[in-house]
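S.K.: So that we are looking at the same thing, I have put the structure below in structure tokens.
4 protein chains.
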Amino acid sequence: MRVAMLTGGGDCPGLNAVIRAAVRKGVQDHDYEFVGYRDGWYGPLHGIGHPLGIPSVRGILPRGGTVLGSSRTNPFREPDGVRRIKESLAKDHVDALIAIGGEDTLGVAARLHSEYGIPCVGVPKTIDNDLSATDYTFGFDTAVGIATEAIDRLHTTAESHMRVLVVEVMGRHAGWIALHSGLAGGANVILIPEQRFDITEVCGWVTSRFRSSYAPIVVVAEGAVPKDGDLVLKNAAARDSFGHVRLSGVGEWLAAEIERRTGKEARTTVLGHIQRGGTPSAFDRWLATRFGLHAISAVHDGDFGRMVALRGTDIVRVPLAAATARLKTVPPERYEEVKVFFG
Amino acid sequence: MRVAMLTGGGDCPGLNAVIRAAVRKGVQDHDYEFVGYRDGWYGPLHGIGHPLGIPSVRGILPRGGTVLGSSRTNPFREPDGVRRIKESLAKDHVDALIAIGGEDTLGVAARLHSEYGIPCVGVPKTIDNDLSATDYTFGFDTAVGIATEAIDRLHTTAESHMRVLVVEVMGRHAGWIALHSGLAGGANVILIPEQRFDITEVCGWVTSRFRSSYAPIVVVAEGAVPKDGDLVLKNAAARDSFGHVRLSGVGEWLAAEIERRTGKEARTTVLGHIQRGGTPSAFDRWLATRFGLHAISAVHDGDFGRMVALRGTDIVRVPLAAATARLKTVPPERYEEVKVFFG
Amino acid sequence: MRVAMLTGGGDCPGLNAVIRAAVRKGVQDHDYEFVGYRDGWYGPLHGIGHPLGIPSVRGILPRGGTVLGSSRTNPFREPDGVRRIKESLAKDHVDALIAIGGEDTLGVAARLHSEYGIPCVGVPKTIDNDLSATDYTFGFDTAVGIATEAIDRLHTTAESHMRVLVVEVMGRHAGWIALHSGLAGGANVILIPEQRFDITEVCGWVTSRFRSSYAPIVVVAEGAVPKDGDLVLKNAAARDSFGHVRLSGVGEWLAAEIERRTGKEARTTVLGHIQRGGTPSAFDRWLATRFGLHAISAVHDGDFGRMVALRGTDIVRVPLAAATARLKTVPPERYEEVKVFFG
Amino acid sequence: MRVAMLTGGGDCPGLNAVIRAAVRKGVQDHDYEFVGYRDGWYGPLHGIGHPLGIPSVRGILPRGGTVLGSSRTNPFREPDGVRRIKESLAKDHVDALIAIGGEDTLGVAARLHSEYGIPCVGVPKTIDNDLSATDYTFGFDTAVGIATEAIDRLHTTAESHMRVLVVEVMGRHAGWIALHSGLAGGANVILIPEQRFDITEVCGWVTSRFRSSYAPIVVVAEGAVPKDGDLVLKNAAARDSFGHVRLSGVGEWLAAEIERRTGKEARTTVLGHIQRGGTPSAFDRWLATRFGLHAISAVHDGDFGRMVALRGTDIVRVPLAAATARLKTVPPERYEEVKVFFG
């Protein structure tokens, strides 16, 4: 039996741990052969893949990124995409395909299975942890850990200079990284995309923090938006001549506004890519490894069109469709919970 | 309303995060006053406590250990213990008591509530993660992270010298730390207290690892026992003149046996206390903080004789008795799951 | 004998280690009393200081920032500045003043000593390591360590997406942080302020790196300037509406230019303040502690107008003037040395 | 021109950085070819080596250990050793040999050069930093960093339980790791091999620390010896049935004695191999890389019988003999310097 694997979308610590675990279990327990397709769906689309054996996954457990490379290629947007994919799978004698990725990658896998009967198993991957079908996705814990360490470091600078420090973390549509790292880092304000923030209220928290003679840390998700923010952010965007949203993103805007309104010096740190790189945390290696092992079990059971997921401490299987069902955003009550630390 | 807090048993990263969160929420949301008792049950037993306010919990979130101190004192083993405790609580006008600790500490709280009507709320704390009532306990993730980093480091030494490296981690009765850190660290053998190991089988895995010209890492929980091990370990213990079990514990014994049986050089590293010290991981700060917040909610609801616990991503309340109900050990199927990486 | 201390300029990991060491040695070996002035020269200027004892320096060794606070206040630019400083010193019965800071802070101390006979001892502090009088300054090793860890993390993202990653590190006038972190992080291009870079050459290195099918990391000091760069950077600055140079600094400009000229996707990470915050590295704690101890020896010897400095592994004393003598920039041959790793 | 390389003795973070730098510079600047001999002098002795090219050193900069393997083989103790080495070098057309190692490895290189005219260049490697010819050796900074982090962690456990924590670090003959990590970690007692310690004095420091109601950390080098210690340690050794000195080494002995004499609970942590494994610190990567580059310059200059060394911030060359000249131990005045922190 031959199993193909591919990784799609943004890179994420733990991808290699999934690949290694799947190959180790597939080869040792079931004598499977493996094909690794390059750069997500681009690989099968162009028939670019290579055999994967135990030697090729040696030592990759602690390494970030993905040895298979990644891309955002979507075969449904390519001329003749599906046919070309089916041809590659046939040419490579692929009996099952394990797709590791987020909404888009798994969305493709879901359709390939439901509409074209391709035997797919999905492994969820989103550093933003915004997938409703699973308690956690690997990469998230690593990102939160890196952001928290950065916040720890910024406290001392804030205190020494009595400055406001704004930390912009990842999270376009969901505030999980901001919520967890802000809570763990002892931030004084946490702003998430799920709830538009009132800049006046934010400045109130900042000022009250100074009153107790401590300097505030403001953690903001890149996707957070101020009330009546569309206008403001259009201006912010206008300032940017490279088209990098983060260039003058909400973090910069926030620091400038806070400075203007409170008269306190404010600085921004945009963590950016360091949140998604490097060695995975122990938790993410453990979760990714178990996802890889259970993906092979699903293949072995011929249980296709399914995705592995974490529920409590168990790995379960859910329909691939669930992966793209709905975004898991921060519930209002969870955000309320942390407001006790604001100001 | 006055709330007392105490921390008992071995120290654990996250204790201060619980204390801080409880005080912040209690004072800001409910105007509670707080008493911090020193050194677990020793404090109320001898009437040693002091007021806790927001200033006294400032900056302790990232700090390991406990600002309240800890001990293993058990009032039920002290002359007149319960009466003296009740007197202290009366003297200090305590309306509710939050006990943060493991089996023993919470066992006392459970009895004080059920037999003597003392309004107790429990917060579970065990670095070994061996509590059946909760998915995880804070401190565990930090310990696993430290052990995993140590294993990462030992790989390079093992490879460079083609040596067997035995890493003894914490876990008297449950192998969770060994299981998670061994899996995350890419260990070649993982031995846990739940299943007696066969030294011949272990040596087989070690030898097969060398055959693929890699050097093996053996992760062993301090409580792991070889088959026909009682005898062996009695001897091991006999070798130790200080009464520290770990001195010539299973790790040392294992390295010596592996060396004797395989002829390969073997070394032991006993991680010991570094696993339980230092700053908590982001995950543990998040979990401990939420436990502290929800303990206050329980107090506010007058919901005594309960313990906060983690279920999936929710904090729930369970009867205090459940804390001591039964040990959460590694289920056989979970151990089977990782055997694919052995050898 | 009473000794005053102050910390000026930007915060830097190790400041607290200097303070602690000076107080410990001063009190225990010589029975000195200590005054800690707030916020650099602002403190003595406004007579704001408080006694420092062994209890007040407890536990600060591993903490970043400075317990004395900091500022850029310059008494020579304040009306009547020097007289007010002398009054504070007299009022507080200060027999010696230890000034911990960079060019500006120590420049003031030098003048106060040479022109007004105030008994000053200096401790050099610059995270940029650009002081010719000493081999290293504390804070530098920590900054290099943080930048190197970030570069390590970015490698995996670069590889997975075959992207150019530009990392902007600190260094307005000297490229030491870029040189050391770029070398340690295995960067493929390192750009420093000391040598104007040729964007065409940079793109050549980037392209050649891709030819060997690896993705390049470009480390650039914030003060690096392209040939014919004045024009270019004026434009860059023009894009920034907050007046933060780093907002659309050389890092952003570089990524945009590389993308435009090579057609390869490029991203920028600006490390910013995380480089100067948080716990000092072991090396910096060791250096800062020894500086503190030797500053007290200088005071004890009545050897004023001097600054402590590192030469090899020895702590020596040099004239305070030397602190501000000339900037220690990266010598051409040291930059040549690392070019073997470019491309 | 063909250059051979080998690594001997205990592994040390930075070895791979030396190898990578030498190959990169040798190939790119001088078109050298490289031979990598396996396992120190064992390789040329048995003619086991393989070509090294730029691809073979890719990605090894941040990796601990050595890709060439290591051993303690000494050709002068092998029948016909020197002749066999010369034959291998001839067979492999080796024009120059770069030996990376400590006293033993470089001692062999020195004799092979002086007595047999073999063109050797040495690169010093000792994690203990006990080489008089160089300010620092790579690996030392990493070891100190790991030990310091461990001490940081142990503080919280010591405080929470008011226990004495004894940390045994590496250092058979020189106390550099104990001195630097003890200083950086804020230890209350530091014991080094250079000066026999008085157990009564140690207990005095421990007791005085408790009087100021803090718990003491005692850092002891594995080679530290009590006054009238021979006897005591013979007993200690006698307690050990595996012949591992560290099993009941000075750390365990010390904890037991302190417990017995002060009545305070004491625990030992033996850091062991984790001090020498894992990724090198930025400082060590920088130093090792520069050593590698300068070793090639020496080869290029035909300057054989020399060793590269660090002086201040410069890399210099010294006679290979100097490597083994005399042990660099901690000078009495340096030890005195830190005593202010004892107790």
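Chains as they are written, first to last, in UniProt numbering: chain A, 1 to 343; chain B, 1 to 343; chain C, 1 to 343; chain D, 1 to 343.
All C-beta atoms, glycine included, are put in the ideal place defined by N, C-alpha and C.
(1) What residues match up with A323/C in a beta bridge as DSSP calls it?
(2) So which of F341/A, E337/A, L327/A has the shortest CA-CA distance to P124/A?
(3) Pick out whichever of H161/B, G204/B, F140/B, T156/B has its Cα sitting closest to the Cα of H180/B.
(4) Using a Cβ-Cβ cut-off of 7 Å (strictly less than) and excluding sequence neighbours within five positions of T148/B, which residues of its own chain qualify?
(5) Can you find a C-beta in chain D that's less than 9 Å from the C-beta of T7/C?
(6) Starting from A109/D, trace the alpha helix (DSSP H) in both directions and tell me its first and last residue.
(7) To the nearest angstrom, how far is the alpha carbon of W253/C from that of L165/A?
(8) Going along chain B in order, which residues have a C-beta closer than 8 Å to the C-beta of H273/D?
(9) Listed in chain order, which residues of the region 121-142 of chain A have Cβ atoms closer than 9 Å to some Cβ of chain B?
(10) Grab the span of the alpha helix (DSSP H) containing C203/D for me, first residue to last.
(11) Between V206/C, T313/C, G272/C, I217/C, which lies nearest to G263/C when the distance is taken from Cα to Cα?
(12) Nearest by alpha-carbon distance to V270/A: which of A256/A, E259/A, V250/A, T105/A is it?
(13) Determine the burial state of Y116/C: buried for a count of at least 16 other Cβ atoms within 10 Å of its Cβ, exposed for fewer.
(14) Does any C-beta atom of chain D lie closer than 9 Å to the C-beta of W205/C?
(15) Go ahead and pull the three-state DSSP assignment for D152/B.
(16) Does any residue of chain C bring its CB to less than 9 Å from the CB of T329/D?
(17) When the Cβ atoms of the region 275-295 of chain A are set against those of the region 144-163 of chain B, are three or more pairs found closer than 8 Å?
(18) Please name the residue in Y335/A, V35/A, G26/A, R209/A whose C-alpha comes closest to that of L293/B.
(19) What in chain D is Cβ-close to L293/C, meaning under 9 Å?
(20) Tell me the rounded alpha-carbon separation between V3/C and L97/C.
(21) Using the three-state DSSP reduction, which class does G243/B fall into: helix, strand or coil?
(22) Where L340/A and E159/B are concerned, what is the direct C-alpha to C-alpha distance, given to the nearest angstrom?
(23) Quick one: what does DSSP say T7/C is sitting in, helix, strand or coil?
(24) Figure out for me which residue from E265/C, S212/C, V167/C, V202/C has the closest Cα to the Cα of E222/C.
(25) Give the residues from the region 168-189 of chain C that approach chain D closer than 7 Å (Cβ to any Cβ), ordered along the chain.
(26) Can you pull the chain B residues whose beta carbon is under 9 Å from the beta carbon of F283/A, in chain order?
(27) Determine which residues of the region 51-68 of chain B have a Cβ less than 7 Å from any Cβ of chain D, and write them out in chain order.
(28) Give, in chain order, every residue of the region 10-41 of chain C whose Cβ lies closer than 7 Å to some Cβ of chain D.
(29) Is G277/C close to chain D? Criterion is C-beta to C-beta, closer than 9 Å.
(30) Can you tell me which of D29/A, G64/A, R163/A puts its alpha carbon nearest to the alpha carbon of G278/A?
(31) Under 9 Å, Cβ to Cβ, is there at least one residue of chain A near Y214/B?
(32) Kindly list the residues whose CB is nearer than 7 Å to the CB of D303/C, restricted to its own chain and excluding five residues on each side of it in sequence; keep chain order.
(33) Rounded to a whole number of angstroms, what is the C-alpha to C-alpha distance between I296/B and D31/B?
(34) Quick one, are the C-beta atoms of V308/D and V67/D less than 9 Å apart?
(35) Tell me the rounded alpha-carbon separation between E337/C and P193/C.
(36) With burial defined as no fewer than 16 other Cβ atoms inside 10 Å of the residue's Cβ, what is the status of L212/B: buried or exposed?
M.R.: This is what the structure gives:
(1) In DSSP, A323/C forms no bridge with anything.
(2) Of F341/A, E337/A, L327/A, the residue nearest in Cα terms is L327/A.
(3) Out of H161/B, G204/B, F140/B, T156/B, F140/B has the C-alpha closest to the C-alpha of H180/B.
(4) S181, A184, G185
(5) no
(6) 103-116
(7) 24 Å
(8) R153, L154, T157, L165, R267, T269
(9) D135, Y136, D141
(10) 199-211
(11) Nearest C-alpha to G263/C: V206/C.
(12) V250/A
(13) exposed
(14) no
(15) Looking at D152/B - three-state DSSP - the assignment turns out to be helix.
(16) no
(17) yes
(18) Y335/A
(19) E337, V338, V340
(20) 6 Å
(21) A caution first: G243/B carries a pLDDT of 38, below 50, which makes its placement in the model too unreliable to give a value.
(22) Residue identity check: residue 340/A is Val in the sequence provided, not Leu. Their backbone Cα atoms lie some 50 Å apart in a straight line.
(23) strand
(24) V167/C
(25) Result list: H180, S181, L183, A184, G186.
(26) D141, V144, G145, H180, A184, S281, F283
(27) R63, G64, G65, T66
(28) R24, K25, Q28, D29
(29) no
(30) G64/A
(31) yes
(32) Excluding positions up to five away in sequence, the list reads R317.
(33) 12 Å
(34) no
(35) 16 Å
(36) What sits at residue 212/B in the sequence shown is Ser, not Leu. With fewer than 16 other Cβ atoms within 10 Å, it is exposed.
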